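**Student:** I have a structure here, written as structure tokens, and I will follow up with some questions on it.
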Amino acid sequence: VQSLNEVVLKKLNRHQSTFDVEWVIQRAHNFFKSVSVDLIVGLPGVNVEQWKETLQKIAQWPISHLSIYFLTVHEQTPLYFGVQKKTILLPCD
Numbered sequence: 004v005q006s007l008n009e010v011v012l013k014k015l016n017r018h019q020s021t022f023d024v025e026w027v028i029q030r031a032h033n034f035f036k037s038v039s040v041d042l043i044v045g046l047p048g049v050n051v052e053q054w055k056e057t058l059q060k061i062a063q064w065p066i067s068h069l070s071i072y073f074l075t076v077h078e079q080t081p082l083y084f085g086v087q088k089k090t091i092l093l094p095c096d
């Protein structure tokens, strides 16, 4: 999942939309015993209110596990170069 923010998903070069993610999650529990969701904290463009809204929405989903990871900026990636050039601003710790 990573994020439920369309703008953030595009900046991360993710091809799924929020609609796609929700559609799959709502149906996945019909086919799998365990459905897990991963989120990333610290994504550029996500403020505290948006993060809370994401958590509230996901709390309503039929999932059995939630993992939350802190953003890691890997060297030599588009995110890395954007942060270096200050065209991408990360939230403060």
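The sequence shown begins at 4 in the working numbering and counts up by one.
Positions of the beta carbon are idealized from the N, C-alpha and C atoms, including for glycine.
Computed from a predicted structure; not experimentally measured.
1. Just confirm the distance between the C-beta atoms of Tyr72 and Ile43, as a whole number of angstroms; I'd bet it's less than 8 angstroms.
2. Do the CB positions of Ser70 and Ser37 come within less than 8 angstroms of each other?
3. Would you mind working out which of Thr90, Gln79, Leu7 sits nearest Asp41, comparing C-alpha positions?
4. Taking 7 angstroms as the limit between beta carbons, can you name the residues of its chain near Leu159, skipping five residues before and five after?
5. Tell me which same chain residues have a C-beta within less than 8 angstroms of the C-beta of Gln29, skipping the five on either side of it?
6. Between which two residues does the alpha helix (DSSP H) holding Asp23 run?
**Tutor:** Based on what the coordinates show:
1. 5 angstroms
2. no
3. Leu7
4. Past the edges of the chain, shown from 4 to 96, lies residue 159, and the structure says nothing about it.
5. Trp64, Pro65
6. 21-31
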